[in-house]
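Protein chains in written order, with the working numbering: chain A, 6 to 321; chain B, -1 to 512.
The C-beta atom is built at its ideal place from N, Cα and C for all residues, glycine as well.
What follows is a set of notes on a single structure, which appears directly below.
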Amino acid sequence: MGLDDIFTASVFASAIRLATPYIFAALGETFAQRSGVLNLGVDGIMLMGAFGGFYAVHLAQTAGVMAEPLGLLMGVLVALIVGGLMGLAMAFVSVTLKAKQGISGIGVYLFGLGLSELLFQQWVGTPKSVAGFPRISFPILTDIPILGEIFFHHNLLVYVAFALVPLSAFVLNRTTFGLMIRAVGQNPEAADAMGVSVTRVRYATTTIGGMLAGLAGASLSIALINLFQQNLTAGQGFIAVALVYFGGWRPLTVAAGAMLFSFVNALQLQIKVIGADIPSEFAVMAPYVITIIALVFATKRQEQPTALTKPYERGE
Amino acid sequence: MSDKHLLPTGHARIESLNMSGIVKRFPGVLAADEIDFDVRSGEIHALLGENGAGKSTLMKMLYGLYHPDEGEIRINDAPTTIKSPIDAIQHGIGMIHQHFMLVPSLTVAENIALGMKSSRGFQLDLDVVSQRVLELSDIYNLKVDPHLPIWQLAVGEQQRVEILRALYKGAALLILDEPTAVLTPQEVDGLFRILNQLAADGHGLVFISHKLHEVLEISHRVTVLRDGRRVNTIPTSEATRPKLAEMMVGRPVLLEYEKNAPNPRDERLALRDVSALSNRGTTGLDAVSLRLHGGEIVGIAGVSGNGQQELAQCITGLREVTAGSVTVDGSDVTNAPPAALHAIGLSYIPEERMIDGVIKEFSVAENYVLQDHGHPKYTTARIFMLFNKIRQACRRAIRLFEIKTPSTETLVKSLSGGNIQKLVLARELSRDPGVLIAAQPTRGVDIGATEYIHKQLLEERDKGTAILLISEDLDEIRALSDRIAVMYEGRIVGEVINENVDVEQLGLLMTGGG
């Protein structure tokens, strides 16, 4: 057994697939944090999105009322709506009611964790799988050796996630909306004085963040794992929040962080598969330990939103 | 200019703006009580008053941040309602806030583009904005590079960006809220040149200030506010410093102090090549040496952030000294803990009085004994506090220092800034210090309390205390100090005897020249 057995094409391919939910969730969280809202409820929103998406697809497929692609699209739509509503709730609590963001985020998490489980018990009962997004085979490209497996044989949501990375960078850096987001996160007083509604911008980003977290959940339940169970995400939403810090609030580096984390994760899975004599507990811990170490050494950056977690109040 | 009714930017002038009978109530406070105020094109109208007199409240109503409960605003004789800052900007009113409304991480152009419609829809048009910024900098002679991020600019440059932005948005009338508070003397001169040019070009300007000499120098008319009421509006040519001060405070105020000749005694405090890091880990203090004798006041002048805070903290044991030594009365106290320094007679009036000076949720009496709560005179066996004795001592201090508080049990957070500062002063002086470090002792404090604090410091000096006065207010430094040391980038770059000082020279030292 050598390095060849560990660094296989399938490890790289699975790293890319595993990165998908992190990229969706972390990009969404990047928008929220750049505007000054720390949403710790991402994991709960992911669970609700995962369940919503799963249930829609499950209904469509068991009743057979919809064609398969349409059913999957419904799943995505439901995940976006459910996630958006949860994001809106977070915005209401933290922006309008000015609650402490750390606490309200944990509230959103626990709410999502509990409700997704309750609804699952009530409406589905036992774990069932659905036919999720199929892998796409591209003509010629997929057949390229090694590269084909790594890059050109994934489901649709993987490509959507990666396409969102440059798009998010563009929105943040090159559009008027992005400028408002950055200004509101750095100096809400200044933004307010320039006629930018701090409330509206933060509602928008937190809702977008929720929608992307919902989609992140669906990318697990109807594309990657194709089932729903209690606490399906197992804390992935919290890792996504950490990745935003790790990536210095920039979409490209946030996505790079997600890739790094997923790669280590894919490696540990591979090590288990080939039965290397490393205790599997260490392997499972590795991605988290590496994330913590990386966070400790991540320095303060210019992009850090100085108004993060601070509710904005106009006044003297 | 071809059209007399247009400004150089091409926007229309505001020939006259009138506010009449303006009333604004906040819960429990009448912040504006039937105030009349007007500005004309080409005029610099100063709005003078103490903190809380209603200057900012009045102007925030003009800028749409607050809404008057009663009264009328007329622009060019047409009644106008200003609902929001956007509304104000559309009416040609711009405001330069005391704390700049700029986003440090964004560039000049991005800051100006913020909140404006882009010519390319949702996509930013920063090149178009930059072009226009350069045009305006030419017209108004306000040099600014639109591509630099704000955090790289000096304070005076940031202010120019603010002014440029207001002009960019078509401001005909500019409200400047305490615009000189953060500037060096040279920068103030530069600002005044800009303001005079703006007025000559037909802009109307409101200059909010509590500094008398600036008001006398720059304005055409002065309106004085006190406790939410307008005291009077007079042409500046008829105003004098004592007259304005009396209007502000409501009684005659001492503006120049009679100072006894300095009588320096033994050396009390000495710093030898003291270095320390700043909060950001960069050099905060760089080999600072300083001697302080009993019976003298040494002023530390400098622009904010040049090591003054680090200096005070190194002396008072709140920041680690990385090199050099601090001695008090000949004994080495380098990096000694604050309690040890208190014990040998060092007192400290901290710059951030609400953070380092008091615990605002504690009562006046509790704050009065923050260091001495374990002193034998306030305790039994140094453990059980004798609250009667504490209250008694506190009541005496309240009387002596004229602190306005309902009782010794009132929470400090409900007192005014001036009274909190008097409490801190009372506490520190009650400990009969040999050395007193006073950092920004009158910042944000009204003229009446300032006068009182200054008199106390001079009295303390005459009693033989060694006083280090750290202040960004040059007038304060000049009024009280015997010697003046200037700090720049963590070093003491010059030291002069106050009597033969030249303000121009001080200003140069403060900016690293000279």
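Nonlocal neighbours in the same chain, by C-beta distance under 6 Å from residue i, ignoring five residues either side
i	result
residue 20 of chain B	30, 33, 66 and 69
residue 17 of chain B	35 and 71
residue 491 of chain B	484 and 507
residue 519 of chain B	Because chain B in this structure spans residues -1 to 512, residue 519 of chain B falls outside the shown range and cannot be described.
residue 369 of chain B	340
residue 215 of chain A	50, 88, 89, 91 and 92
residue 6 of chain B	137 and 199
residue 429 of chain B	345
residue 122 of chain A	235
residue 312 of chain A	41, 190 and 193
residue 488 of chain B	281, 282, 283, 284 and 305
Residues of its chain near residue i, where Cβ-Cβ distance is below 7 Å and the 5 sequence neighbours each way are ignored
i	result
residue 500 of chain B	none
residue 408 of chain B	361 and 362
residue 65 of chain A	71, 76 and 79
residue 376 of chain B	367, 370, 383, 384, 387 and 388
residue 58 of chain A	80, 81, 83, 84, 222, 223, 226 and 227
residue 210 of chain B	239, 242 and 243
residue 73 of chain B	12, 15 and 89
residue 244 of chain A	27, 266 and 296
residue 324 of chain B	269, 272, 312, 313, 331 and 332
residue 146 of chain B	105 and 106
Beta-carbon spacing of residue i, residue j below 8 Å
i	j	result
residue 106 of chain B	residue 142 of chain B	yes
residue 143 of chain A	residue 157 of chain A	yes
residue 87 of chain A	residue 42 of chain A	no
residue 246 of chain B	residue 8 of chain B	no
residue 458 of chain B	residue 451 of chain B	no
residue 179 of chain A	residue 159 of chain A	no
residue 351 of chain B	residue 307 of chain B	no
residue 424 of chain B	residue 399 of chain B	yes
residue 117 of chain A	residue 95 of chain A	no
residue 238 of chain A	residue 55 of chain A	yes
Sequence-distant residues of its chain with Cβ nearer than 8 Å to residue i (five each side left out)
i	result
residue 467 of chain B	295, 296, 297, 298, 436, 439, 455, 474, 475, 478 and 479
residue 171 of chain B	12, 15, 37, 90, 91, 92, 201, 202, 203 and 204
residue 134 of chain A	231 and 232
residue 254 of chain A	35, 38, 39, 306, 308, 309 and 310
Backbone secondary structure at residue i - three-state DSSP
i	result
residue 260 of chain A	helix
residue 254 of chain B	coil
residue 22 of chain B	strand
residue 31 of chain B	strand
residue 322 of chain B	strand
residue 36 of chain A	helix
residue 249 of chain B	coil
residue 228 of chain B	strand
residue 238 of chain B	coil
residue 7 of chain B	coil
residue 38 of chain B	strand
residue 16 of chain A	helix
residue 251 of chain A	helix
residue 377 of chain B	strand
residue 337 of chain A	The structure shown does not extend to residue 337 of chain A, since chain A spans only 6 to 321, so no value can be given for it.
residue 346 of chain B	strand
residue 285 of chain A	helix
residue 226 of chain A	helix
residue 410 of chain B	helix
Supposed contact pair residue j and residue i - C-beta distance, whole angstroms, cut 8 Å
i	j	result
residue 131 of chain B	residue 148 of chain B	With a Cβ gap of about 13 Å, residue 131 of chain B and residue 148 of chain B do not count as contacting.
residue 53 of chain A	residue 219 of chain A	7 Å
residue 285 of chain B	residue 315 of chain B	With 8 Å as the limit, residue 285 of chain B and residue 315 of chain B do not qualify as a contact, their Cβ atoms being about 20 Å apart.
residue 33 of chain A	residue 300 of chain A	No, residue 33 of chain A and residue 300 of chain A are not in contact; Cβ-Cβ is about 19 Å, not under 8 Å.
residue 190 of chain A	residue 47 of chain A	That belief does not hold up - the Cβ atoms of residue 190 of chain A and residue 47 of chain A are roughly 17 Å apart, past 8 Å.
residue 207 of chain B	residue 176 of chain B	6 Å
Checklist entry - Mind pulling the alpha helix (DSSP H) runs of 4 or more residues that sit fully within the stretch 107 to 163 of chain B? => result Within the stretch 107 to 163 of chain B, the complete alpha helix (DSSP H) runs of at least 4 residues are 124 to 138.
Checklist entry - Considering only residues of the stretch 124 to 193 of chain A, which uninterrupted alpha helix (DSSP H) runs meet the minimum length of 4 residues and lie entirely inside it, listed in chain order? => result Runs found: 152 to 156, 161 to 179 and 181 to 191.
Checklist entry - What are the start and end residues of each continuous alpha helix (DSSP H) run of 4 or more residues lying completely inside the stretch 415 to 439 of chain B, in chain order? => result Taken in chain order, the whole alpha helix (DSSP H) runs of length 4 or more contained in the stretch 415 to 439 of chain B are 415 to 428.
Checklist entry - Mind pulling the beta strand (DSSP E) runs of 3 or more residues that sit fully within the stretch 428 to 493 of chain B? => result Along the length of the stretch 428 to 493 of chain B, whole beta strand (DSSP E) runs at least 3 residues long occupy 433 to 437, 464 to 468 and 481 to 486, reported in chain order.
Item to check | Uninterrupted alpha helix (DSSP H) stretches inside the stretch 159 to 221 of chain B (no shorter than 4 residues) | outcome: Uninterrupted alpha helix (DSSP H) stretches at least 4 residues long and entirely within the stretch 159 to 221 of chain B occur at 183 to 198 and 210 to 216, given in chain order.
Item to check | Contiguous beta strand (DSSP E) assignments of at least 3 residues, all confined to the stretch 41 to 114 of chain B | outcome: Whole beta strand (DSSP E) segments, 3+ residues: 42 to 46, 68 to 73, 76 to 78 and 91 to 94.
Item to check | Minimum length 3: unbroken beta strand (DSSP E) runs contained in the stretch 280 to 333 of chain B | outcome: Correct list: 281 to 291, 295 to 299 and 321 to 326.
Next on the checklist: Extract the residue ranges of the beta strand (DSSP E) inside the stretch 49 to 123 of chain A, only unbroken runs of 3 or more that lie entirely within it.
Outcome noted: If only uninterrupted beta strand (DSSP E) runs of at least 3 residues are considered, none is enclosed by the stretch 49 to 123 of chain A.
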